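For the sequence shown, the numbering used here assigns the number 770 to the initial residue and increments by one for each residue that follows. Every residue, glycine too, gets a C-beta built ideally from N, C-alpha and C. On a predicted model such as this, the values are computed, not experimentally measured, just so you know. Below is one structure, written out as structure tokens; the observations come after it.
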Amino acid sequence: MFESSDQIGEAYTLWEQQTLNPALRKAPERDAAFITTSSEPINRLYTPLDLGEGEEARREHYLGSVALPGEFPFTRGIHPTGYRGKLWTMRMFAGFGSAEETNARFKYLLAQGQTGLSIAFDMPTLYGRDTDHPLVEGEFGKCGVAVSSLADMEILLDGLPLDVVSTSMTINAPAAIIWAMYLVVAEQRGIPWSALRGTTQN
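Following this line, the structure appears as structure tokens:
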């Protein structure tokens, strides 16, 4: 369906009121103005209204299939301001050896400006085996951190700001168990689950 300039303009105004402005109150844009390397200003949002004459065909199904940022179907992203309000999470996939070694690595990465954690687990952990199981002999801490118990998770996350960073855990079958350990550590520190952000791979 072809959408008129008026329809798109009305949708844009509504988007500003209901979606954009609440997002800006919560997380203002990082800079007052954004410009290209040639000092040309960059608009917050471009729509078919910015197209020249003869480009009307590009307005077809715009609101239904592309829409505006932060609104269904989220073709233009889940955040109304894109990366103007918040940069993407920067996290290096990391994990090796013991929980102590990986904890030290995470603290180093956060000190260097990393904004999230991405935990690499070793094969025994990925398969839900304890480190001392005969089937995983020699695999301790290879290609990821060894987590066999809640005590390991407590050491791994010691001193890390779980309510500030988002955590991605690349884990397979034991995802629910590892996630439960993560939640317990947060509870022990008095961090509500609602303050936690991140993902598990299962």
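Same chain only: Cβ atoms within 7 Å of residue i, ignoring 5 sequence neighbours per side
| i | result |
| --- | --- |
| Thr900 | Pro893, Phe909, Ala915 and Ser917 |
| Pro849 | Thr788, Leu789, Ala792, Pro838 and Gly839 |
| Leu919 | Met950 and Val953 |
| Arg898 | Leu904 and Val905 |
| Gln883 | Met859, Arg860 and Met861 |
| Thr782 | none |
| Pro810 | Ala802 and Ile804 |
| Val835 | Thr844 and Arg845 |
| Ala955 | Leu931, Trp962 and Leu965 |
| Ser774 | Leu818 |
| Met1031 | Outside the displayed span of the chain (770 to 971) sits residue 1031, for which this structure offers no information. |
Other residues of its chain near residue i: CB distance less than 6 Å, five sequence neighbours each side excluded
| i | result |
| --- | --- |
| Ala944 | Thr969 and Asn971 |
| Ile888 | Gly864 and Met938 |
| Ala780 | Leu832 |
| Trp948 | Thr969 |
| Ile960 | Leu931 and Asp932 |
| Phe841 | none |
Per DSSP, the bridge partner or partners of residue i
| i | result |
| --- | --- |
| Phe803 | In DSSP, Phe803 forms no bridge with anything. |
| Ala748 | Beyond the ends of the chain as shown, which are 770 and 971, falls residue 748; an answer cannot be given. |
| Glu829 | Phe771 |
| Gly866 | Val914 |
Integer Cβ distance of residue i from residue j, believed to fall under 8 Å
| i | j | result |
| --- | --- | --- |
| Leu965 | Asp927 | So it is not a contact: roughly 16 Å between Cβ atoms. |
| Gly885 | Thr816 | Actually they are not in contact, since the Cβ atoms of Gly885 and Thr816 sit about 31 Å apart, beyond 8 Å. |
| Gly913 | Asp891 | 4 Å |
| Gly983 | Leu818 | Past the boundaries of the shown model lies residue 983; the chain is included only from 770 to 971, so the question cannot be answered. |
| Tyr896 | Ala942 | 7 Å |
Unbroken alpha helix (DSSP H) run spanning residue i, endpoints
| i | result |
| --- | --- |
| Tyr957 | Before going further, note that residue 957 is Gln rather than Tyr in the sequence given. Start and end: Ala944 to Gln957. |
| Asp899 | First-last for Asp899: undefined, no H or E at that position. |
| Glu923 | Leu919 to Leu925 |
| Arg845 | Run containing Arg845: none; DSSP gives neither H nor E here. |
| Pro791 | Asn790 to Lys795 |
Beta strand (DSSP E) segment containing residue i, residue limits
| i | result |
| --- | --- |
| Arg813 | Looking at the DSSP string, Arg813 is not in any beta strand (DSSP E), and its letter there is neither H nor E. |
| Thr968 | Arg966 to Gln970 |
Own chain, CB closer than 8 Å to residue i, minus 5 neighbours either side, in chain order
| i | result |
| --- | --- |
| Arg958 | Leu931 |
| Leu929 | Asn872, Phe875, Lys876, Leu879 and Leu886 |
| Arg853 | Glu798, Arg799, Asp800, Phe803 and Arg813 |
| Ile946 | Gly897 |
| His902 | Pro893 |
| Ala796 | Thr850, Gly854 and Lys855 |
| Trp857 | none |
| Gln776 | Leu832 |
Any non-hydrogen atom of the ligand ADP closer than 7 Å to residue i Cβ
| i | result |
| --- | --- |
| Thr850 | The model depicted lacks the ligand ADP and carries no ligand whatsoever. |
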